[in-house]
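Each step along the sequence shown adds one to the number in my numbering, with nothing skipped, and position 21 is 23. Scroll down for the structure; my scribbles are underneath it.
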Amino acid sequence: MDILPRFLKQVTDKVLAHLKPRQKSTEDLPIGGGRGYSSDGAEQKRQIDGFAA
C-alpha cells in the first residue's frame with residue numbers, strides 16, 4: 003500500500019472518531035470515477051492504451 007492512501011485512511015479514521023465510527027470500508031469499492039473500470043492489470047493497460055490512442 004502506498005503511503006498516501008495509508009495516511010488518508012488514518013486521517014479519515016481520526017476525523018470519523020469525532021463524528022461516528024466507520025461503518026464500512028471502501029478500500030475495495032470502485033466508487034466515483036473508478037466505477038466500471040476493471041481491476042485486472044492487463045485489462046487496465048488495454049483501457050489506458052485505448053485512451054492514449
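Glycine residues also receive a C-beta, built at the ideal position from the N, C-alpha and C atoms. None of these values were measured; they are calculated from a predicted model.
When you compare only the Cα positions, how much space is there between residue i and residue j?
i	j	result
E29	K11	9 angstroms
P23	V17	9 angstroms
S41	K26	20 angstroms
G43	L21	37 angstroms
Q49	L31	19 angstroms
Starting from residue i, trace the alpha helix (DSSP H) both ways and give me its first and last residue.
i	result
P23	Where P23 is concerned, there is no enclosing alpha helix (DSSP H), given that its DSSP letter is neither H nor E.
E29	Segment: none, E29 is in no alpha helix (DSSP H) and carries neither H nor E.
A54	G43 to A54
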